[in-house]
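Quick note on numbering: UniProt numbering labels position 35 of the sequence shown as 35, and the sequence is numbered without any gaps. Scroll down for the structure; my scribbles are underneath it.
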Amino acid sequence: MEDREEEKAGLEDRLSDLRDNIIHEILSYLDIKQVIQTSVLSKRWKNLWASVPDLNFNSKGDTELTFPNFFRRVLSKRGACNVRRVEFFSRLPLRVSSMEGLINYAVSHQVEDFRFVSDDIQLISLPACKSLKTLFLSRCKFGDFLTSLGFDFANLTSLDLYVCCFCYSGNDVGDPFGSCPNLRSLCLRYCRFPSLKRLKITGFQLVSLEIQGFGYGDRGLQEGCEVEIFAPNLLSFVYKFSNPVDFCGLHFPSLEYVEVHVWLHGTEEATDHDKKRVSLYLMDMFEGFGNAQSVKLYCETIQVLNLIEGLLEQQSSPFKRLKKVEVQANLESFTLPAHVTKYLLAGTIGCD
């Protein structure tokens, strides 16, 4: 029994003797409530939680009243310690003042990684932040405060937006990411830009771009909205679970990989005019992929290309450097038509 007590004491001593930064790294994997509970372990741990650089808030087990009060108390007791990462997961509706308080705290304390996940749409304002490098936002609505430039994060390198809505007032053209000059990775999933006539995505350093759940009407854009993307260093472009839209300009001189999964909802009820329009949208989109070396398409994409008999045969292949084409056949009866193969490969030599 005595040996066991000595062994236990030795373990406790070794844990307490760890440097603060090592303990902080261990605590970064825990929810902030669990981190605070470590303060009862010993005097060494009493105030250690208040300087942890990673804050993980979760509303599980709280109410609309207790949760905002809890995180306000946490922030007030941390003092001037900077934060490296803030992760905020809420299943509860939050007051605008609570959201603004959290965001302003993170910005003023040099946050580098900010992640916000909500079960309800939250109206938020994003102040300029030079320290931010990684940003993930879910179910957020950006109001009329947005200018034509949008976000203002000079050092942001990765941006992931899920079910977010951009509400512009008095602007027909929006370039929401143009003020993020160092952005390298951008992912837009089921985002909406309902009031724009032209959406611009400018990314001089953008290497990876993924767009999901895009289209007209309830798919995020007003009917007829044009989409222009200027990304001279883009290597990978993924466009999935979407409808063909009017990509009026795609500037991808460095493009290597493309993945496209589109379809036309209600194909059987669609008029010939609608079928031709979406087919031409897709063909115009492919014109912007001329420098791609590897292309992955889905059978639904091929069906859109082939909606109007004889239309595709009139088009020359847009691809000049293609080395590989992969077709994902989700339908058992699907076969790749010969004229589609010719359209894809006619401009290349030795393509697989």
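Glycine is no exception: its CB is placed at the ideal position from the N, C-alpha and C atoms. The structure presented is a predicted model; accordingly, all values stated were derived computationally and were not measured.
Under the rule that 16 or more other beta-carbon atoms within 10 Å means buried, what is residue i, buried or exposed?
i    : result
E268 : exposed
A231 : buried
G203 : buried
N243 : buried
E332 : exposed
E223 : exposed
F145 : Residue confidence is low: F145 scores 47 on pLDDT, short of 50, so the model does not pin down where it sits. No coordinate-derived value is stated.
C273 : Residue identity check: residue 273 is His in the sequence provided, not Cys. Exposed.
Y29  : exposed
L11  : Residue placement at L11 is flagged as unreliable, the pLDDT there being 49, under the threshold of 50; the coordinate-derived value follows with that caveat. L11 should be labelled exposed.
By alpha-carbon positions, which one of the options ends up nearest to residue i?
i    : options                : result
F57  : N82, C180, L102        : L102
F116 : R91, S108, C129, Q110  : R91
S98  : I22, T66, I36, I23     : T66
K324 : L336, V258, S279       : V258
D17  : D31, K43, S28          : K43
F193 : C180, S316, S169       : S169
S294 : P181, I201, L344       : L344
S21  : Q37, L250, V83, N69    : Rather than Ser, the amino acid found at residue 21 in this sequence is Asn. It is V83 whose Cα lies nearest to the Cα of N21.
R321 : A346, L156, E300       : A346
N155 : V111, N171, F166, K141 : V111
P253 : E287, G266, D113, D218 : E287
R189 : D172, L196, I23, V163  : V163
L161 : C167, C140, G174       : C140
F319 : Q205, M285, K197       : M285
Whose C-beta lies closer than 7 Å to the C-beta of residue i among residues of the same chain, with five residues either side of it excluded?
i    : result
L255 : L234, L235, F237, F289, N291, A292
N306 : L312, P337, V340
P93  : E64, D120
K240 : Q212, E259, H261
S279 : V304, L305, L307, I308, L311
Looking only at its own chain, which residues have a Cβ that is under 8 Å from the Cβ of residue i, when we skip the five neighbours before and after it?
i           : result
V207        : R184, S185, N233, L234, L235, S236
I302        : V327, F334, L336, P337, V340
residue 355 : Only positions 1 to 352 of the chain appear in this structure, which leaves residue 355 out of reach.
Strictly under 8 Å for the Cβ-Cβ distance: is residue i near chain B by that measure?
i    : result
P318 : Protein chain content of the structure displayed is limited to a single chain, and chain B is not contained in it.
By Cβ distance, which residues of its chain are closer than 6 Å to residue i, with the 5 residues on each side in sequence left out?
i    : result
F71  : F57
C129 : V107, F153
R73  : none
C81  : S51
F88  : F57, F116
Since I believe residue j is in contact with residue i (beta carbons under 8 Å), could you give me their beta-carbon distance rounded to a whole number of angstroms?
i    : j    : result
W263 : V304 : 6 Å
L209 : V227 : Contact doesn't hold; Cβ gap of about 12 Å is too wide.
L55  : V86  : 5 Å
F151 : C165 : With a Cβ gap of about 14 Å, F151 and C165 do not count as contacting.
G215 : V245 : 6 Å
Q. Which ranges does the alpha helix (DSSP H) cover as unbroken runs of at least 4 residues, wholly within the stretch 82–123, from first to last along the chain?
A. Listed in chain order, the complete alpha helix (DSSP H) runs (minimum 4 residues) inside the stretch 82–123 are 96–108.
Q) In the stretch 291–327, which residue ranges form an unbroken alpha helix (DSSP H) of at least 4 residues, counting only runs that do not cross its ends? A) Segments of the alpha helix (DSSP H) lying fully in the stretch 291–327: 299–305.
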